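See structure below.
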Amino acid sequence: SLILSPLHFNQCFSCSLLKPWWGLTRHQVRGVTLHPIITSFYHFDCVNQVQPEPGEWSNYFYRFLHGQTLYGSSFNHVGNWWNKKTYPNLHYMFYKDIDTEREKDKLCSFLGTSSSTEDKGATVEQVHFDHMNNNEMANCPKLQLLHFKISHFLRKGKVGDWKNHFTVTQNEVFDEDYNNRMKDPTL
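Everything in the sequence shown is counted per my numbering, starting at 2 for the first residue and increasing by one.
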């Protein structure tokens, strides 16, 4: 029998750009949020050949906080997706939680696979960073918009890489801004 693999694509679209009925379709969306996403956006902007150069990290940091990047405010972006978390075809997860047993069970349930050890292992393997990094549909190596000599679309897959970029002051500024803007206690 022919088994089709799920279609994976990476996007940073605002959920407002999707058709109003997308939440009622059979298409499954797995949303992954990184915190803080600013370092991922910075590295993406470095490889994106369509956008202007992002410039130095210190300047980008403040432009990002003020929503002065191509995608606008990341805080609005995350908040708008989070508001859709009750849609039955959206599985919203945080990158730092991908390795927890609870998250694995939730993902298997969302995808309609059993949470047996074998099925859970196969499902988790598909979303593991190393697997996605080698998957052309996830890492987009043929996408000519990105300059892969600088970096892959999926870069490191390590939680906490932001610590290599933020100064102590930037960390304090970001935390204060984040806490002021992202007040939803469930987020």
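Glycine is no exception: its CB is placed at the ideal position from the N, C-alpha and C atoms.
Predicted model only: the values in this text are computed from it and were never measured.
- Tyr43 places its beta carbon less than 7 Å from that of Tyr61.
- With respect to the 7 Å criterion, Leu66 and Asp185 are not classified as neighbours on the basis of their beta carbons.
- Using a 10 angstroms sphere on the CB of Thr87, the tally of other CB atoms stays under 16, which defines it as exposed.
- For Leu91, the enclosing beta strand (DSSP E) stretches over residues 91 to 95.
- The three-state reading of DSSP puts Asn84 in coil, since its state is none of H, G, I, E or B.
- For Phe42, the enclosing alpha helix (DSSP H) stretches over residues 39 to 48.
- In the three-state reduction of the DSSP assignment, Asn181 falls in the helix class, which pools H, G and I.
- A Cβ-Cβ distance of about 6 Å is found for the pair Trp58 and His166, placing them in contact under the 8 Å criterion.
- Here Lys121 has Lys105, Cys109 as same chain residues with Cβ atoms under 6 Å from its own Cβ, once five neighbours each way along the sequence are excluded.
- Excluding residues up to 5 positions away in sequence, Phe76, Val79, Gly80 lie with their Cβ nearer than 8 Å to the Cβ of Met183 in the same chain.
- Per the coordinates, the alpha-carbon of Ser117 lies some 20 Å from the alpha-carbon of Met94.
- Burial check for Pro53: the Cβ neighbour count within 10 Å stays below 16, so the residue is exposed.
- Secondary structure note for Trp163: it is in no alpha helix (DSSP H), with a DSSP letter that is neither H nor E.
- Take the alpha-carbon of Glu126 and the one of Leu91: they are about 20 Å apart.
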